[in-house]
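In this note's numbering, the protein residues as written are 175 to 672.
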Ligand code: NCD
């Protein structure tokens with residue numbers, strides 16, 4: 175099973191399976207002994223970004239399991255420096271027999287991309303390696319760090335004896351901190367977990383990581399953390415925002431207010447536990463390095479049993495598979511033809527269109543977003559003469575609506591279905607030019623690919639020419655959905671942007 179993102183774990187039962195397995199590895203990790211239960215598969219540890227803990231614990235975990243290891247540290251000794259692509263590099267490594275790929279890389283979405291590339295190579299083209307194989311995300315840019323989350327959960331479970339019913343504060347760089355993102359998604363699956371978010375202005379947690387989380391307060395003061403059971407501190411990820419000078423200056427000015435030292439800790443809940451994925455800089459004071467309330471170093475030690483459990487998953491021949499990506503077949507659910515002969519005339523705002531489409535019941539003020547989306551989808555839709563009618567009176571849509579008229583055009587189903595996902599009340603009318611109107615109803619597509627690029631400049635799809643962008647729709651049925659990049663998980667379109 176690939177371990178790429180916490181968002182792949184739809185159920186907490188899957189998470190608990192990994193945790194049970196991690197707990198069972200603790201005796202093996204403490205004895206630092208090999209187990210003979212596993213095949214001696216080859217694991218590539220490819221760390222293109224700096225790492226001490228994650229790399230070291232994967233290495234130790236792999237040794238404890240008796241795996242063979244190939245190390246790639248940095249890009250300096252690889253053909254990436256000769257502009258080789260990640261895709262070719264990992265095809266090569268697979269062809270040399272690796273079955274497990276632990277990857278840390280700056281471009282967001284790299285592990286998912288590699289998993290996809292390998293799925294077409296191993297088994298189909300490789301002579302030596304028929305798989306199965308496993309990709310483990312050891313941190314992709316600002317996006318995710320799921321293996322850290324599993325060890326964070328193991329720490330919480332071992333420290334408190336439970337994973338539900340507590341208040342946790344997550345603090346500091348919540349915008350760029352991938353450990354905070356993955357943890358937030360895992361906590362959203364638990365029950366009775368209240369979350370306090372604290373960060374300087376400009377470093378708040380992006381909305382997609384707060385989905386489903388019971389956030390009871392959000393502020394820019396550490397004082398909000400005083401009653402928490404756990405405070406999860408993160409490092410200011412200055413390497414990810416130092417080029418943004420105004421942000422860097424404003425954060426640097428307040429960093430002294432974000433230090434947890436003995437004086438501050440003594441004013442908080444006496445039973446509090448301070449966690450930190452490490453490395454720390456100054457956010458946890460040196461005067462509490464060995465304070466029993468700070469469990470950051472024990473937390474790091476849980477990295478070994480956790481990563482043993484995750485690697486062991488990859489050594490089993492039967493893998494957990496995530497549900498296959500759906501298809502875009504049958505997007506058109508229903509067509510209702512209406513004849514407009516005799517007394518019946520089309521509604522007034524339809525009348526400028528002789529032949530083409532009327533996109534109706536668009537939320538007021540959103541017509542230009544619809545046009546923007548159609549422009550972004552132009553490789554699917556082509557460009558066409560269009561006209562925007564704003565603020566039409568409507569009994570639906572709270573009294574007013576926008577309308578877009580498309581002359582001499584019939585949009586493909588995938589474009590209509592995409593608009594339907596983002597604006598569920600929107601209606602689609604096709605006028606073939608023979609005194610009839612066809613009302614068309616669509617379902618939300620499973621995936622949107624071809625012709626769209628992710629807007630995140632650090633997304634792997636912006637970096638690798640072979641990468642085919644792909645978007646999924648997330649959100650509840652009947653509500654506006656959001657289109658999310660399948661690789662870097664950035665939200666391309668979301669109702670909150672409209
Ligand atoms: C973190 C990381 O690399 O994301 N460290 C870790 O893996 N334990 C946190 C950080 O770099 O601040």
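A virtual CB, placed ideally from N, CA and C, is assigned to each residue, including glycine.
- Taking 7 Å as the cut-off, the C-beta of residue 319 counts as close to a heavy atom of the ligand NCD.
- By a beta-carbon distance limit of 8 Å, residue 193 does not contact residue 310. Their separation comes to about 16 Å.
- Rounded to the nearest whole angstrom, the CA to CA distance from residue 542 to residue 563 is 10 Å.
- Relative to the ligand NCD, the beta carbon of residue 453 is positioned inside 7 Å of a heavy atom.
- Counting the other Cβ atoms within 10 Å of the Cβ of residue 349 gives 16 or more, which makes it buried.
- According to the DSSP assignment, residue 238 belongs to the alpha helix (DSSP H) that extends over 227-239.
- In the DSSP assignment, residue 610 is bridged to 513.
- Contact annotation, residue 239 with residue 489: C-beta distance approximately 7 Å; criterion of less than 8 Å satisfied.
- The DSSP-derived three-state label of residue 475 is helix.
- The beta carbon of residue 553 sits no closer than 7 Å to any heavy atom of the ligand NCD.
- Here residue 573 carries a helix assignment [DSSP, helix/strand/coil].
- Inside the stretch 598-652, DSSP marks whole alpha helix (DSSP H) runs of 4 or more residues at positions 634-637, from first to last along the chain.
- DSSP places residue 287 in the uninterrupted alpha helix (DSSP H) bounded by 284-295.
- Between the alpha carbons of residue 200 and residue 630 lies a distance of about 39 Å.
- Cβ neighbours of residue 389 within its own chain (closer than 7 Å, five residues either side excluded): 369, 371.
- Take residue 455, set aside five residues on each side of it, and the residues of its chain with a beta-carbon closer than 8 Å to its own are 409, 410, in chain order.
- Relative to the non-hydrogen atoms of the ligand NCD, the Cβ of residue 424 never comes closer than 7 Å to any of them.
- With respect to the C-alpha of residue 227, the residue from 355, 450, 507, 439 having the closest C-alpha is 450.
- Taking a C-beta distance under 8 Å as the contact criterion, residue 439 and residue 308 do not qualify as a contact pair.
- Residue 503 is not bridged by DSSP to any residue.
- Beta-bridge partners of residue 533 (DSSP): 578, 602.
- Classified as buried, residue 176 has 16 or more neighbouring CB atoms from the shown chains inside 10 Å of its CB.
- Beta-bridge partners assigned by DSSP to residue 567: 574.
- In this structure, residue 225 has its CB closer than 7 Å to one or more heavy atoms of the ligand NCD.
- Counting only residues of its own chain and dropping the five nearest sequence neighbours on each side, residue 397 has no CB closer than 8 Å to any other CB.
- Here residue 364 has 186, 337, 338 as same chain residues with Cβ atoms under 7 Å from its own Cβ, once five neighbours each way along the sequence are excluded.
- Here residue 402 is buried, its C-beta having at least 16 other C-beta atoms within 10 Å.
- Boundaries of the beta strand (DSSP E) harbouring residue 447: 447-449, taken from the DSSP string.
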